[in-house]
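So the sequence shown is numbered by the UniProt record's numbering: it starts at 1 and just counts up by one. Think of the CB as a built atom: it goes at the ideal place given N, C-alpha and C, for glycine as much as any other residue. Heads up, the thing below is written out as structure tokens.
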Amino acid sequence: MPAQPGVTVDIKEDVPHGQGSTKIYGPPDQEVKLTKKENPRGSGFWKFTHTKKGRKHFSIREIQYNKQNTDGIDIYPGTKFKSLAVWYWIYDQSMNNPLLIEIWDENNEYKYRVSNGNWKCWQHLDGYSDPQNSPLIGKDIEKELDKLNCSFNDAVTIDISMNVSENNQSYCCGKHDHSKISVEKSVVSVNRLKSIDYYVHTVNTGVHVAKIKYDENCIDSQVRMIKSHALTLSISVPISVSVFYSCTDPKLIYLDTSKTSTEIQVTGWHQREGKNRHRWTEVSDGPKEAPDSIRESNNEDEFNKLKDVLESAVVDSADMEEPDVPELEDLEEEDEEEEEIKRGEKQVPDAGRGEYSNEDDGAGEDHIKKLLNGLLDFGLNVATKLGPVAVGVAEVAKEAAPGVFRVLSLGNPSSATYSPKGSQPQIKLALPEEYTGSPAPNPEPAPLKLSSEESLPTSKESTSALTVVAPAGISIGYIISSVCGGSAAVGIAGWKLYNRYKGDPWVRQI
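Here you go:
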């Protein structure tokens, strides 16, 4: 019987360190292109995408792990595929536990298979239709990966969201009966008069910590990485995180590994750094003692330092008008994704939800791109175009939003002019009359003022991710947050919408 045509995909293939993000493997007539990328960004998971070199569609003969056949992944003769992807935890350096497989076929349908604890047997991903018409991205897929990582790598995610803390119950994944991390409310006080409440998340012995995350304002939103200075830690030891909140948002944490007997420890205070929502730093002029030590010693000086740091963090965060500007590496990755779409190697995520829902894959891309490029250009160059005139950002956004919302299916339009389906939409962008001349004195609320001297940063800041490397190759990966809130400038709104059009999991609501 002749062999089934197609390529053999080996889900244990890796791209060697220092050799870029792609490699080619397989016999000359069955070459497979392998692309390695952290996905979602900042999640702590590698996504390995297998495609046929030089082909948009290809047949798969079999799926192997280290040259051994797998079960439970349906590959039917004659079916064409666009890609097969597999996720691993970044610190599973030997690639012993593949977590999740995504199969994208020529009909733009997606199938997901999860490991049952080893590489050989796979089953459907619970809670999702099979197949699906759109891929899992951003927070949706990261949530599944976090659960699988806990189940198969004993690597937990500490969630310091206010709603998790207030629930005051143990949590992790279902396999471990949600018991690996305990939560307890506590208080630091002196002289029985002054007190500050906080919550302590404690990880059991023998469990790895993959990352610390939270949902700001406890509202589902995009996932962001919080960057800090590099830390080192042996992670298979008891660890606790004491969390201090302002309203519902964590502002200050105390990381405690002092109860371990290892030589490598990370213990100390960390706070959110100034106006940047996603960057944390060690506290330099704050308390030195742990929260429980301040309480037990009745140390008023240490208590006052704690209070001052917490109040300072609250004041800084209250002035966070500036949204994030993408770093250089993110811009380069966006350009790479755009080129893949142009070459037909990648589908526009969620194409088919807006004005061009019945077109082919990515139809309407040029029209939407022109619209958003125009909006982006308007925002980034508004100071140059208008000079020192103050711009009422909220009013401008109000004028522009209806058209943009209709094109992207973000809601019902209130006012816009459109040409028939399939042709380029015409969007009205106009400044309110009160901003065609000098701004009115003391407007309420005060609009953001942009002058010709202001510009958006373009260079990448010299910072490193919060990576905690363990002696045995295990590491605490990242502190990440889910941050919500509107853009403060039309240019940033344009940037975020431009990313939404390309399905960027960092920008898109998921």
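**Message:** Below 8 Å on the Cβ atoms is my contact criterion, and I expect K180 with V203 to pass it. Report the Cβ-Cβ distance as a whole number of Å.
**Reply:** 7 Å
**Cut-off 8 Å between Cβ atoms - residues of its own chain near Y88, not counting five sequence neighbours on either side** = F45, W46, F48, M95, N97, P98 and L99, listed in sequence order.
**Asked** Skipping 5 residues on each side, what residues in its chain have a beta carbon closer than 8 Å to that of V9?
**Response** Cβ neighbours of V9 beyond the five flanking positions: V32, H50, I60, E62, I63, Q64 and L84.
**Prompt:** Start and end of the beta strand (DSSP E) containing I253?
**Reply:** D249 to D256
**Request:** Could I get the ranges of all uninterrupted beta strand (DSSP E) runs contained in the region 54–107, with 3 residues as the minimum, in chain order?
**Result:** 60–65, 81–89 and 100–105
**Item:** Residues bridged to H270 (per DSSP)
**Value:** Answer is I253 and E282, bridged to H270.
**Item:** Beta-carbon contacts of I253 that lie in its chain and below 6 Å, excluding the five residues immediately before and after
**Value:** V241, V243 and H270
**Item:** Proximity winner among S43, S246 and D292, relative to D140 (alpha-carbon distances)
**Value:** S43
**Message:** Just to confirm the assignment, what range does the alpha helix (DSSP H) spanning W147 have?
**Reply:** It is Lys, not Trp, that sits at residue 147 in the sequence shown. Taken as a continuous stretch (DSSP letters only), the alpha helix (DSSP H) holding K147 covers G138 to N153.
**Request:** Tell me whether S161 sits in a helix, a strand or coil according to DSSP, three-state version.
**Result:** coil
**Contact under 9 Å by Cβ, E302 with E289** = In contact: E302 and E289 (Cβ atoms closer than 9 Å).
**Request:** Work out the CA separation of K120 and D146 for me, nearest whole Å.
**Result:** 21 Å
**Asked** Under the three-state reduction of DSSP, which class applies to D301: helix, strand or coil?
**Response** helix
**Message:** Given this structure, state the Cα-to-Cα distance separating S21 from L34, to the nearest angstrom.
**Reply:** 8 Å
**Prompt:** Residue range of the beta strand (DSSP E) that V183 falls in?
**Reply:** I181 to V190
**Request:** Indicate the three-state DSSP secondary structure (helix, strand or coil) for D14 in the structure shown.
**Result:** coil
**Prompt:** For R113 versus I73, is the C-beta spacing smaller than 9 Å?
**Reply:** yes
**Rounded straight-line distance, which links the Cα of E142 to that of S115** = The straight-line gap from Cα to Cα measures roughly 16 Å.
**Asked** Mapping DSSP to helix, strand and coil, what is V207?
**Response** Coil at V207, not helix or strand.
**Option nearest D197 by Cα separation, candidates G54, P27 and K251** = K251
**Prompt:** Which of the three DSSP states, helix, strand or coil, is assigned to K120?
**Reply:** Under the three-state reduction of DSSP, K120 is assigned to coil, being neither helix nor strand.
**Asked** Would you say I196 faces chain D, with C-beta separation under 9 Å as the test?
**Response** Note that chain D does not occur in the displayed structure, where there is just one protein chain.
**Request:** Check the C-beta distance from I294 over to L306 and give it rounded, since I have them as a contact under 8 Å.
**Result:** 7 Å
**Prompt:** So, are the CB atoms of K213 and I158 less than 9 Å apart?
**Reply:** yes
**Message:** Can you give me the C-alpha to C-alpha distance between D154 and H124, rounded to a whole angstrom?
**Reply:** 21 Å
**Prompt:** Just the Cα atoms here: how many angstroms apart are K185 and S246?
**Reply:** 15 Å
**Request:** Could you check if T257 is buried or exposed, using at least 16 other CB atoms within 10 Å of its CB as the buried criterion?
**Result:** It counts as buried.
**Asked** So what's R41 in DSSP terms, helix, strand or just coil?
**Response** Coil at R41, not helix or strand.
**Message:** Please report the straight-line C-alpha distance between S234 and E144, rounded to a whole angstrom.
**Reply:** Below a pLDDT of 50, predicted positions are generally treated as unreliable, and S234, at 38, falls in that range; no measurement from the model is reported.
**Item:** Where H176 falls: helix, strand or coil (DSSP)
**Value:** helix
**Prompt:** Going by other Cβ atoms of all chains shown within 10 Å of its Cβ, with 16 needed for buried, is L193 buried or exposed?
**Reply:** exposed
**Prompt:** Is the distance from the Cβ of K111 to the Cβ of Q93 below 9 Å?
**Reply:** no
**Request:** State the Cα-Cα distance for the pair N118 and N168, rounded to the nearest angstrom.
**Result:** 33 Å
**Beta-carbon proximity list for G18, same chain, < 6 Å, skipping 5 on both sides** = none
**Prompt:** From which residue to which residue does the beta strand (DSSP E) around K23 run?
**Reply:** T22 to Y25
**Request:** Report the option in C150, L148 and S182 whose CA atom is closest to the CA atom of V164.
**Result:** Check the Cα spacing between V164 and each of C150, L148 and S182: the tightest is with S182.
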